[in-house]
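In the working numbering, the protein residues as written are 6 to 748. Backbone N, C-alpha and C define an ideal beta-carbon position, used for all residues, glycine too. All remarks here apply to the structure that follows.
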Amino acid sequence: MDVDIATVAILGNAGGALIGFAIAVVAARNQDVPGARQYGWLAAAGGCWCTISIWQIVVSDPAAVKTVYLLSRTAAMQVIGLWIVFALVYTGRQSWLRPSSLGPLFLVVNADVLLLLTDQAHDLVEVTAVPVTQLGTTLVAIQRGPTFAVLLAVSYGLLLLGYALLIEFLFRSQNVYRRQTAAIIIGTGLPIFVAVLYDFGYTPHPAIDLTPVAFSLNAVLVGWVLFKDESLSVTTLSGDTLVDNLPDPVIALTDDCVIIDYNAAAASALDHPDPDGESLDDLAPGIVEHIERGEVFSFGDSFTYYNPQTTSLTDQSGTERGRLVVLRDVTGQQRRQDRLEALQAATQQFIEAETAEGVAEMAVEFATAVLDKNAAGVFIENDRVLEPAVISESIEQNVAEELLYGSPTDEPESKLWKTYETGEIQAVSLDQDGLDPLDNALMLPLGSHGVMAITSHDSTLATEDRRYAAILAQTTQVALDQVERERELRQSRSSVQRRREQIEFFNGVLRHSLHNAMVVIRGRAEHIRETVPRSKQRHLDSISDWCGKLTEMSETIRDINNTVTASEAERLDAVDLNATLRRSIESLRDEYDSVAVSCELDEDYSVQANELLEEVLLSILRNAVEHNDADSPKVTVSVQQASDWLQVRIADNGPGMSDELKTTVFERGLSPDQTAGGFGLYFVSVMMDLYGGTLWFEDNHPTGTVAILEFQQAVTGGAVDDDQPVDTKTAATEAQTKSHNRG
C-alpha cells in the first residue's frame, strides 16, 4: 500500500503539537523544578511550530505558502531563543537574563524574520514558492537564496551556544544534576540531527520539514527527565552525610598514618569509640601494609574481608598531605572466590574417584567443610530404593534409620524419593520430623544415581548457598557418571576381549578342520584316480583344485580376521604396490586368458596396507572381467599421484555401472552375481576402510567403468627428500586432505 508522505507529516505535526502543549501544561504545574517555566514556554513554541507546519503543508496557493512560511520561521526562531533562555536558567545563570542582554539576543535570533518582513525595502533575501512533485505527492516548497546560508549558520551557532552551556554545567563540580543534565544533552540531539538532514536536502519532500515533530518527541524525553524521573533528579544529601552513612569504613590519614577523620563504620571496625588522632597501625597492627599493597585482608578476630581503595588528599598547591582510605567490605565476594577455588581444586579429585562411595565421601566432606553446612548425605539408588552411601555423623545420630531410605512405596511420601523421581531441587523443613538440631534440608537430584541432601541450622537456606550446593551436586553427578562409564568400559573391554578370544578359537578350529578335510578329500580323490576312466578324471582334477582354493581361502580368512582385530599400528605396513599389482594381474591372466590386461607403472610406489592387498586388487580386477560383455574384454591398470595419496585406477570396456549401483555396490547384502566371485566388493570396501583409504567408481569413456582405489602413500627411505626431515614428511602426510570429498 502506498504511503502518502503529506498525510504522515500532517499526523506527525498534529501529534507534535499536542505533545508540545501538554508539556507546557505539565511545566506550569511543576514551577519548583529548575528551568520548568522556561521549558514550558519552549514546549509551547514547539507546539505552535508544529501547528503552523500543518498549515504550510495543506496550503496550495504559492502566495499563501510564503505567508505561512513567514509564520513558521517566526515560531522556529522563537524556539531557538527560548532554548538559549532555558539553558541559561537551568545552568544557574539567571543573572544574564536582563533586558540589556535579552533584547540583542532575540534581535539576532529573529534576524531572518525581520529580513523577510522588510524584503521589499532592501531585497536582501530571496523567497520563492515552487510546486514540487516527489514520491507521487505535489506540494509547494520554499526555495531560499544564498543569504539564507548565513542565517542558517547564525541559527546553528545559537543552538551550539545552548549546548556549550549545558556541557559546561555537566562537568561543573557543584552540579548535583549531572545525570539529568547528561540526559537532556543527549535527548536534544534528535531535533538538531533532523534539522541538519532537512537543511542539507535529505528529506522525503522539500516542502516537508520534520524538525518540529522531532522537537516535540524530544520534548517528551526532556519533560520526563525534568518532571517525572526521580532517579535523575537532584540528590539532597551533602557529601559529609553520605560518607557518614556509608556501610564501608572510611578513614582520612596523614602522611604518618594518623587518623584525622573517620565515619561510624570505621570506628566500629577498629573497635574504638573515637580513633581521631590515633595511629592506624597501633589500633590494627599490619593494616597499613595491606592498604599500601592494595590487597584484600581481614584483621583482628573478625571474619570480615576488606578491599582497600586509596585516594590522595592534596592541598591547593597540589601537594599530597594525606590519604583517604575506603575499606570496601568484600566478605561475600571473598567467600564466593574461596568456595569456587575449593570446588575447582576438588573437581579433579571427583573425576579421578574410582568408586561411587569415594565420590559420595568427597561430596559430603566438601558440603560440610566448604559450604559451612552442619551435615550432608549422599543416597544412591539400588533396585528402586535410595540407600545412604555416605552420611554425616550428625545425620546418623539424629535421624531414624527408616528415614534414611526412600522408595516409591513409602507412606507418607519420601522427600528423598520425590526429589529423585522429579529431578527437581527441593528445600524442605525438618521441624515436623523431630530431627532437631537439623532444621532445614536441601534435596538435590544426582540424575539416575540418587539424591544429595544438605542440612542447615538456619531457618532458611540462602540463595548463594543453594547455588553452590547445585554446583556441587552437578559435579558429584558428573563424577558418578564417570565412575559408571569406567565400569561399563571395563566390562565392555573384558567382553570384547573374551569374544575375540572365542572367535579366534573357533576360527582356528574351523580352519584346522577345513584344512584336514581338504587333505582327506584330495587324498581320496588321488587314491581312486587309477580306477577312474581317463574321460572322467577331469572331475577329480576339479575336486583337487577346489580343495586347494578352499585351503587358500581359509588362510585368507585368517588374515582378514587378524587384520580386522589388529590395531592400526599392527595392521598397516609399507607394501610394494608395483610388485603386488603385477602378481594380481598375472593371477587374473591365469584365470581369464582371453582378457587383454595392460599396466602402466611410471615409478616405484609403496602404500600403507598389508599382505591382503593382492586379494583386494584381484577382487577388483575380477569384478572388471566378470561383468564385461565386450567382444574383446580389456582392462587397463594405472597409478597416479594425488598429493600424498596414490590412486590405483582399474578401467574396463564393459557395459558400465548405473549411478544407483555405484552407491550400493559396496553393501554387505549385495548378491555375488552383482559383484563377481571371491569375497566381493564388500570385502574390498572393508579392507580399504581398514587401510585408511577409499574406493569409488566412475564412468569410463566411451564405455565401461573405472574403479579408483585411493591409498595412503607409504614414506620409505628412498622416498624422502634429502632437504626435508623425515618427521616433516610424516606430518605432511598426516595433515593431507584426501583429493576427493565423497561424504
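Rounded to whole angstroms, what is the Cα-Cα separation between I189 and Y203?
Here residue 189 refers to the residue found at position 184 when the sequence shown is read from its first residue. Here residue 203 refers to the residue found at position 198 when the sequence shown is read from its first residue. Rounded to the nearest angstrom, the two C-alpha atoms are 22 Å apart.
Whole-angstrom distance between H532 and P538, CA atom to CA atom:
Position 533 of the sequence shown, counting from 1, holds the residue named residue 538. Position 527 of the sequence shown, counting from 1, holds the residue named residue 532. Rounded to the nearest angstrom, the gap between the Cα atoms of P538 and H532 is 13 Å.
Taking the alpha-carbon of P211 as reference, which of T138, A257 and S397 has the nearest alpha-carbon?
Here residue 211 corresponds to residue number 206 of the sequence shown, with the count starting at 1. Closest option to P211, Cα to Cα, is T138.
F384 to D253 span [Cα, whole Å]
Within the sequence shown, numbered from 1, the residue matching residue 384 stands at position 379. Within the sequence shown, numbered from 1, the residue matching residue 253 stands at position 248. Using only the alpha carbons, I get a separation of about 44 Å.
Using DSSP's beta-bridge definition, name the partner residues of C604.
Start at 1 with the first residue of the sequence shown, and residue 604 comes out as number 599. Bridge partners of C604: V642.
In this structure, does DSSP put I590 in helix, strand or coil?
Counted from its first residue, the sequence shown places residue 590 at position 585. The answer is helix: DSSP assigns I590 an H, G or I state.
According to DSSP, simplified to helix, strand and coil, what is R328?
What you label residue 328 is simply residue 323 of the sequence shown in a count that begins at 1. Per DSSP, reduced to three states, the secondary structure at R328 is strand.
Report yes or no: do the segment 555 to 566 and the segment 589 to 606 share at least 3 C-beta pairs separated by less than 8 Å?
Segments in contact, no.
Rounded to whole angstroms, what's the CA-CA distance from A41 to T186? Just pull it up for me.
Counting from one through the sequence shown, the residue named residue 41 turns up at place 36. Counting from one through the sequence shown, the residue named residue 186 turns up at place 181. C-alpha separation (whole angstroms): 14 Å.
CB of V689 within 8 Å of CB of V621, strictly
Here residue 689 corresponds to residue number 684 of the sequence shown, with the count starting at 1. Here residue 621 corresponds to residue number 616 of the sequence shown, with the count starting at 1. Yes. Within cutoff.
Taking P217 as the reference, which of I197, E386 and P660 has the closest Cα?
Stepping through the sequence shown from its first residue, residue 217 is reached at position 212. Nearest of I197, E386 and P660 to P217, Cα basis: I197.
Quick one: Cα of A257 to Cα of I191, how far?
Sequence index remark: in the sequence shown, residue 257 carries index 252 (1-based). Sequence index remark: in the sequence shown, residue 191 carries index 186 (1-based). Pairing A257 with I191, the inter-Cα distance amounts to about 38 Å.
Helix, strand or coil, according to DSSP, for Y311 in the structure here?
In the sequence shown, counting from the first residue as 1, residue 311 sits at position 306. Residue state, collapsed to three classes: strand.
Can you give me the Cβ contacts of L166 inside the same chain, cut-off strictly under 7 Å, excluding the 5 residues immediately before and after it?
Position 161 of the sequence shown holds residue 166. Answer for L166: I89, listed in chain order.
First and last residue of the alpha helix (DSSP H) that includes L617?
One-based indexing of the sequence shown puts residue 617 at position 612. Per DSSP, L617 lies in no alpha helix (DSSP H) and is assigned neither H nor E.
Between which two residues does the alpha helix (DSSP H) harbouring P209 extend?
Working through the sequence shown from its first residue, we reach residue 209 at position 204. Counting along the chain, no alpha helix (DSSP H) covers P209, and no H or E run does either.
State the Cα-Cα distance for the pair P39 and L144, rounded to the nearest angstrom.
For this step, residue 39 is matched to residue 34 along the sequence shown. For this step, residue 144 is matched to residue 139 along the sequence shown. Approximately 42 Å, taken between the alpha carbons.
Close beta carbons around V73, own chain, < 6 Å, minus the five adjacent residues each side:
As a working note, residue 73 is residue 68 in the sequence shown. Excluding residues up to 5 positions away in sequence, W60, Q61 and V64 lie with their Cβ nearer than 6 Å to the Cβ of V73 in the same chain.
For R98, name the three-state secondary structure that DSSP assigns.
As a working note, residue 98 is residue 93 in the sequence shown. Correct three-state label for R98: coil.
F308 to T336, Cα distance in whole Å?
Looking up residue 308 in the sequence shown gives position 303. Looking up residue 336 in the sequence shown gives position 331. Near 8 Å, if we compare the C-alpha coordinates of T336 and F308.
Taking all protein chains shown into account, do 16 or more other C-beta atoms lie within 10 angstroms of the C-beta of Y310, making it buried, or fewer, making it exposed?
Mapped onto the sequence shown, residue 310 falls at position 305. Buried.
In whole angstroms, give me the CA-to-CA distance for R490 and A361.
Counting from 1 along the sequence shown, the entry for residue 490 is found at position 485. Counting from 1 along the sequence shown, the entry for residue 361 is found at position 356. Each residue's Cα considered, the two are about 12 Å apart.
Just to confirm before moving on: does the CB-CB distance between H454 and Q482 stay below 8 Å?
Residue 454 sits at position 449 when you count from the first residue of the sequence shown. Residue 482 sits at position 477 when you count from the first residue of the sequence shown. Their beta carbons are under 8 Å apart, which means H454 touches Q482 by this criterion.
Where do the N-terminal and C-terminal ends of the alpha helix (DSSP H) with A154 fall, by residue?
Residue 154 sits at position 149 when you count from the first residue of the sequence shown. Its alpha helix (DSSP H) spans residues T152 to L175.
Contact between the segment 280 to 298 and the segment 343 to 350 is defined here as three or more beta-carbon pairs at a separation below 8 Å; is this criterion met?
Contact between the segment 280 to 298 and the segment 343 to 350 is absent, because fewer than three Cβ pairs lie under 8 Å.
For S419, collect the residues of the same chain with a Cβ closer than 6 Å to its Cβ; drop the 5 residues on either side in sequence, then sort them by chain order.
If you number the sequence shown from 1, residue 419 lands on position 414. Only G411 meet the Cβ criterion.
Does DSSP put R498 in a helix, in a strand, or in coil?
Taking the sequence shown and counting its residues from 1, one reaches residue 498 at position 493. In the three-state DSSP reduction, R498 falls in the helix class (H, G or I).
Give every residue of the same chain whose Cβ lies closer than 8 Å to the Cβ of V84, excluding the five residues on either side of it in the sequence, and list them in chain order.
The count along the sequence shown starts at 1 and reaches residue 84 at position 79. L47, A50, G51, W54 and F220.
Exposed or buried, V199, counting other C-beta atoms within 10 Å across all chains shown (16 or more means buried)?
Here residue 199 refers to the residue found at position 194 of the sequence shown. Buried, because 16 or more other Cβ atoms sit within 10 Å of the Cβ of V199.
Of the residues G709, R333, M558 and L170, the one placed nearest H632, counting alpha carbons only
As a first step, residue 632 is located in the sequence shown; it is residue number 627 there, counting from the start. Residue G709 is the option with its Cα nearest to H632.
Tell me which same chain residues have a C-beta within less than 8 Å of the C-beta of D281, skipping the five on either side of it?
Start at 1 with the first residue of the sequence shown, and residue 281 comes out as number 276. Cβ contact annotation for D281 (same chain, cutoff 8 Å, sequence separation greater than five): I264, I265, D266 and Y267, in chain order.
Taking the alpha carbon of G698 as the point to measure from, which residue in I713, H706, N705 and P707 has its own alpha carbon closest?
Translated into positions along the sequence shown, residue 698 becomes position 693. Of the listed residues, the one whose Cα sits closest to G698 is I713.
Name the residue from E386, S397 and V395 whose alpha carbon lies nearest to the alpha carbon of R423.
As a first step, residue 423 must be located in the sequence shown, where it is residue number 418. Before going further, note that residue 423 is Lys rather than Arg in the sequence given. Considering only alpha carbons, the answer is E386.
Whole-Å CB distance - A32 paired with Y44, under 8 Å assumed
Here residue 32 corresponds to residue number 27 of the sequence shown, with the count starting at 1. Here residue 44 corresponds to residue number 39 of the sequence shown, with the count starting at 1. With 8 Å as the limit, A32 and Y44 qualify as a contact, their Cβ atoms being about 5 Å apart.
So V130 and G108 are in contact, right, with Cβ under 8 Å, and what is the actual spacing, rounded?
Taking the first residue of the sequence shown as 1, we reach residue 130 at position 125. Taking the first residue of the sequence shown as 1, we reach residue 108 at position 103. No, V130 and G108 are not in contact; Cβ-Cβ is about 23 Å, not under 8 Å.
State the CB to CB distance for the pair F355 and A475, rounded to an integer number of angstroms; the pair is presumed to be in contact (CB under 8 Å).
By 1-based counting over the sequence shown, the position of residue 355 is 350. By 1-based counting over the sequence shown, the position of residue 475 is 470. Cβ atoms of F355 and A475 stay farther apart than 8 Å, at about 15 Å.
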